[in-house]
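The next block holds one structure in the form of structure tokens; read it before the comments.
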Amino acid sequence: MGKTTKTPGKHKASTGKCTGMSGADVLHQMLLDEGVEILFGFPGGTVLPIFDVLYRSPIKFILTRHEQGACHMADGYARSTGRVGVVIATSGPGATNLVTALATANMDSVPLVALTGQVRSTLIGNDAFQEADVTGITRPITKHNFLVKRVEDIGRTVKEAFYIARTGRPGPVVVDIAVDSTVARLQGEPDLTPNLPGYKPTTTGNLRQIKSAASAINAAQRPVLYVGGGVVISGASAELRKLAEKGSIPVATTLLALGTLDERSPLALQMLGMHGSAAANYAVQDCDCLVAVGARFDDRVTGNLAEFAPRAKIIHIDIDPSSISKNVVVDIPVVGDAKDILARMLEHIKSNDRSDWLGKIAQWKKRHPFKYETDGKIKPQEVVARLGALTDHNAIIATGVGQHQMWTAQFYGWRRPRQIITSGGLGTMGFGCPAAIGAQFGNPGATVIDIDGDGSFCMTMVEVITAARYQQPVKFVVLDNEYLGMVRQWQEMFYGRRYSAVSHPCPEFAKIAEGYGACGMKITERSELDDAIRAMLKQPGPVVLHVAVEPEENVYPMVATGKALHEMDLGKLA
14 MGKTTKTPGK HKASTGKCTG MSGADVLHQM LLDEGVEILF GFPGGTVLPI FDVLYRSPIK
74 FILTRHEQGA CHMADGYARS TGRVGVVIAT SGPGATNLVT ALATANMDSV PLVALTGQVR
134 STLIGNDAFQ EADVTGITRP ITKHNFLVKR VEDIGRTVKE AFYIARTGRP GPVVVDIAVD
194 STVARLQGEP DLTPNLPGYK PTTTGNLRQI KSAASAINAA QRPVLYVGGG VVISGASAEL
254 RKLAEKGSIP VATTLLALGT LDERSPLALQ MLGMHGSAAA NYAVQDCDCL VAVGARFDDR
314 VTGNLAEFAP RAKIIHIDID PSSISKNVVV DIPVVGDAKD ILARMLEHIK SNDRSDWLGK
374 IAQWKKRHPF KYETDGKIKP QEVVARLGAL TDHNAIIATG VGQHQMWTAQ FYGWRRPRQI
434 ITSGGLGTMG FGCPAAIGAQ FGNPGATVID IDGDGSFCMT MVEVITAARY QQPVKFVVLD
494 NEYLGMVRQW QEMFYGRRYS AVSHPCPEFA KIAEGYGACG MKITERSELD DAIRAMLKQP
554 GPVVLHVAVE PEENVYPMVA TGKALHEMDL GKLA
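For what it's worth, our numbering labels the leading residue of the sequence shown as 14, then goes sequentially.
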């Protein structure tokens, strides 16, 4: 993903004596040493020794309704707090139910540790009850994974897992633990020092490369900062803003970087790419220097690679060297942590008068803003815009995947980093509901809203039960257009309106919410919208607000597959 993160700190050794402890006790002590305060998951046979220790633990355990939901909750917790999320599941189906959520976290560089149970070490490979090759299954979709067969290895392995998960380009790490190792007892003190000789992330950027990049920026007449989620992970938003303001450089963000720059800033171009703003896309295509920071030139951002930023000298700042020139050949690479590099680069950036360039961008913004009509049924964009206004653009917002995700990105009005919790690279439907719950656990005083589509919400809405059980005041706003909306839009635009398998009639979500122990509301008229949102926000517990919206509304702009960014279909924005 080409993300950046903070320079890793040194791990502290366990403060407790481990001699004579069971493997489950050692695991628990390592979690305490890592500062883990909350675990999400679901029990089962091979993890019962661990749950027996958790019975008397100060760590809060959240019992979810499905392992996928548990892992998405750990993901939402991690994205919203910057801390490592932790999930636990049993062997076989418990572990395999984590797969989609692990792949989601891996694509978006989210620091997770997944603890999975495994059958007894003597049975591994014998097709034992609830056995699955978890390390084999998850190797392609995690940053790293381990299989632990001996009690002596548990402590060090857990330390290594947390270190790998949160350093360099972050990502999920699986620790698959044979049940007999959690029951066995230690003889003597284990070595808890991480032993990873081949893993040495580069965090400090090369000064010569930093100066070279700064010189190219200073010489440019039409520079653009293309900012990815790595800036958020690194905690580099303040440095990014200072650099943009000092150099008068407009900023386009990816979906995962929304909020890096307050969108009220005249330098904010909002999101770029397939459904990005016209101003962002035109600016990228016309710029003479593109500065990518913590981004990976994803195909949804670049469109036709051969015509992407054709006039630009390209600078790429990233902690992941494998991302450099992976999709787009760059002129000046700078490998390292975004916060470190931007802070040092700031000293070499000159204050430039780029009023002509910013004036041209202002005209694009004025001519092609995100907009919607207010005739007929409630428009989904309208719901998002009103949620932004009535929460003062200050809520943490999770989404599922589909049209509603893009409208949320376009219309909420982002103010700060870690405000949007959404599946970017994998595009995982069903992510929003459990991720919002995880974010609420990580931010107990915050307003957390899942803006969801009927298709995505149906996939994981059972986790509303979890929110209700633990009285987490998450608000779930379901935009119901009775279609799988993004698929329907593509069928309308590219398949002659042959609507195949996209009609999606839904149940009464408000009634289901009541059955789940939450508050349920439904509206169908525009006149009800603001009052319903205010009433929802006043409720102390979880609420599901079911909003019937325009069935065939489309997301614009739209850059079709194979088209360049400047060839976007502006639709109603034209």
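Glycine is no exception: its CB is placed at the ideal position from the N, C-alpha and C atoms.
This structure is a prediction, so every number in the text was calculated from the model and none was measured.
Practice problem: Along the alpha helix (DSSP H) that carries Ala291, what are the first and last residues, could you check? | Solution: By one-based count along the sequence shown, residue 291 stands at place 278. Here the alpha helix (DSSP H) through Ala291 covers 291 to 299.
Quiz item: Do Leu209 and Asp189 have their C-beta atoms closer together than 8 Å?
Solution: As a working mapping, residue 209 is identified with position 196 in the sequence shown. As a working mapping, residue 189 is identified with position 176 in the sequence shown. No, they are not a contact pair.
Practice problem: Using alpha carbons as the reference points, say which of Cys302, Lys384, Glu386, Leu318 lies closest to Glu345. | Solution: Numbered from 1 along the sequence shown, position 332 holds the residue referred to as residue 345. Going by the sequence as given, residue 345 is Ile instead of Glu. Considering only Cys302, Lys384, Glu386, Leu318, the residue with the shortest C-alpha distance to Ile345 is Cys302.
Quiz item: Do Phe383 and Tyr90 have their C-beta atoms within less than 8 Å of each other?
Solution: Residue numbering aside, residue 383 sits at position 370 when the sequence shown is read from its first letter. Residue numbering aside, residue 90 sits at position 77 when the sequence shown is read from its first letter. Pairing Phe383 with Tyr90 gives a Cβ-Cβ distance that is not under 8 Å.
Exercise. Check Pro62 in the structure and name its three-state DSSP category.
Key: In the sequence shown, the residue the question calls residue 62 occupies position 49. Three-state result, Pro62: helix.
Quiz prompt | Three-state secondary structure assigned by DSSP to Lys535 | solution = Here residue 535 corresponds to residue number 522 of the sequence shown, with the count starting at 1. Correct three-state label for Lys535: strand.
Quiz item: Taking the runs of the alpha helix (DSSP H) that are 4 residues or longer, which of them lie wholly in the segment 197 to 233?
Solution: At a cut-off of 4 residues, the continuous stretches assigned as alpha helix (DSSP H) that sit fully inside the segment 197 to 233 are 220 to 232.
Quiz item: Just the Cα atoms here: how many angstroms apart are Pro203 and Val196?
Solution: The residue given as residue 203 occupies position 190 in the sequence shown. The residue given as residue 196 occupies position 183 in the sequence shown. In this structure, the straight-line span from the alpha carbon of Pro203 to that of Val196 is close to 16 Å.
Quiz prompt | Presumed contact (8 Å Cβ cut-off) between Val397 and Tyr425, rounded CB distance | solution = What you label residue 397 is simply residue 384 of the sequence shown in a count that begins at 1. What you label residue 425 is simply residue 412 of the sequence shown in a count that begins at 1. 6 Å between Cβ atoms; contact.
Exercise. Return the first residue and the last residue of the beta strand (DSSP E) that Lys488 is part of.
Key: Numbered from 1 along the sequence shown, position 475 holds the residue referred to as residue 488. From DSSP, the beta strand (DSSP E) with Lys488 extends over 488 to 493.
Quiz item: Excluding the five sequence neighbours on either side, which residues of its own chain have a C-beta within less than 7 Å of the C-beta of Ala356, listed in chain order?
Solution: As a position in the sequence shown, residue 356 is number 343, starting the count at 1. If you ignore the 5 residues before and after Ala356, its C-beta comes within less than 7 Å of the C-beta of Glu252, all in its own chain and listed in chain order.
Quiz item: Are there 16 or more other CB atoms within 10 angstroms of the CB of Gly307, so buried, or fewer, so exposed?
Solution: On the sequence shown, residue 307 is found 294 positions in, with the first residue counted as 1. Around the beta carbon of Gly307, 16 or more other beta carbons lie within 10 angstroms, which makes this residue buried.
Quiz prompt | CA nearest to the CA of Ala531, picked from Arg78, Arg539, Phe522, Thr537 | solution = Here residue 531 refers to the residue found at position 518 of the sequence shown. Of the candidates Arg78, Arg539, Phe522, Thr537, the residue whose Cα lies closest to the Cα of Ala531 is Phe522.
Self-check item: C-beta contact flag for Val164 and Ser194 at 8 Å
Solution: Counting from one through the sequence shown, the residue named residue 164 turns up at place 151. Counting from one through the sequence shown, the residue named residue 194 turns up at place 181. Yes, Cβ-Cβ distance for Val164 and Ser194 is below 8 Å.
Self-check item: Those residues which DSSP pairs with Tyr496 across a bridge
Solution: Along the sequence shown, one-based indexing puts residue 496 at 483. For Tyr496, which the question treats as bridged, DSSP gives the partners Ser516.
Quiz item: Out of curiosity, what's the CA-to-CA distance linking Leu269 and Thr180?
Solution: The residue you call residue 269 lines up with position 256 of the sequence shown. The residue you call residue 180 lines up with position 167 of the sequence shown. Going from the Cα of Leu269 to the Cα of Thr180 covers about 19 Å.
Self-check item: chain D contact for Glu50 (CB, 8 Å cutoff)
Solution: Reference to chain D is not applicable here, since this structure consists of a single protein chain.
Practice problem: Report buried or exposed for Ala291, applying the criterion of at least 16 other Cβ atoms within 10 angstroms of its Cβ. | Solution: Counted from its first residue, the sequence shown places residue 291 at position 278. Buried, because 16 or more other Cβ atoms sit within 10 Å of the Cβ of Ala291.
Quiz prompt | Other residues of its chain near Lys23: CB distance less than 7 Å, five sequence neighbours each side excluded | solution = The count along the sequence shown starts at 1 and reaches residue 23 at position 10. Summary for Lys23: the model assigns pLDDT 37, below 50, so the residue's position carries little reliability, and this model does not support an answer.
Quiz item: At which residues does the beta strand (DSSP E) containing Asp331 begin and terminate?
Solution: On the sequence shown, residue 331 is found 318 positions in, with the first residue counted as 1. Following the DSSP letters along the chain, one finds Asp331 inside the beta strand (DSSP E) bounded by residues 326 to 331.
Quiz prompt | Buried/exposed call for Asp388, threshold 16 Cβ in 10 Å | solution = As a first step, residue 388 must be located in the sequence shown, where it is residue number 375. Here Asp388 is exposed. Its C-beta has fewer than 16 other C-beta atoms within 10 Å.
Quiz item: Which of helix, strand or coil does DSSP assign to Tyr529?
Solution: Position 516 of the sequence shown, counted from the first residue, corresponds to residue 529. If DSSP states are grouped into helix, strand and coil, Tyr529 belongs with the helices.
Quiz item: Helix, strand or coil: which one does DSSP assign to Met571?
Solution: As a working note, residue 571 is residue 558 in the sequence shown. In the three-state DSSP reduction, Met571 falls in the strand class (E or B).
Self-check item: DSSP state of Ile354 mapped onto helix, strand, coil
Solution: For the purposes of this step, residue 354 is taken as the residue at position 341 of the sequence shown. Correct three-state label for Ile354: helix.
Quiz item: To the nearest angstrom, how far is it from the Cα of Asp146 to the Cα of Thr117?
Solution: Indexing the sequence shown from 1 puts residue 146 at position 133. Indexing the sequence shown from 1 puts residue 117 at position 104. Each residue's Cα considered, the two are about 20 Å apart.
Exercise. Please go through the same chain and pick out, in chain order, the residues whose beta-carbon is closer than 6 Å to the beta-carbon of Ala577, but skip the five residues on each side of it.
Key: Within the sequence shown, numbered from 1, the residue matching residue 577 stands at position 564. Close CB contacts of Ala577 within its chain, under the 6 Å cut and outside five residues either way in sequence, are with Gly316, Asn317, Glu320 (chain order).
Exercise. Output the boundary residues of the alpha helix (DSSP H) element that contains Leu400.
Key: Against the sequence shown, residue 400 aligns to sequence position 387. For Leu400, the enclosing alpha helix (DSSP H) has its first and last residue at 393 to 403.
Self-check item: Where the beta strand (DSSP E) containing Thr473 begins and where it ends
Solution: Within the sequence shown, numbered from 1, the residue matching residue 473 stands at position 460. Per DSSP, Thr473 belongs to no beta strand (DSSP E); it is in the alpha helix (DSSP H), 467 to 473.
Exercise. Could you tell me the boundaries of the beta strand (DSSP E) in which Gly98 lies?
Key: Position 85 of the sequence shown, counted from the first residue, corresponds to residue 98. Looking at the DSSP string, the run of the beta strand (DSSP E) that includes Gly98 is 98 to 102.
Quiz item: Glu47: buried (16+ other C-beta within 10 angstroms of its C-beta) or exposed?
Solution: One-based indexing of the sequence shown puts residue 47 at position 34. Glu47 is classed as buried because its beta carbon has at least 16 other beta carbons within 10 Å across all chains shown.
Practice problem: Since I believe Gln416 is in contact with Met499 (beta carbons under 8 Å), could you give me their beta-carbon distance rounded to a whole number of angstroms? | Solution: The count along the sequence shown starts at 1 and reaches residue 499 at position 486. The count along the sequence shown starts at 1 and reaches residue 416 at position 403. Confirmed, about 5 Å.
Quiz item: Hey, how far is the Cα of Thr129 from the Cα of Arg431?
Solution: Within the sequence shown, residue 129 is the residue found at index 116, counting from 1. Within the sequence shown, residue 431 is the residue found at index 418, counting from 1. Inter-residue distance for Thr129 and Arg431 is about 28 Å (C-alpha atoms, whole angstroms).
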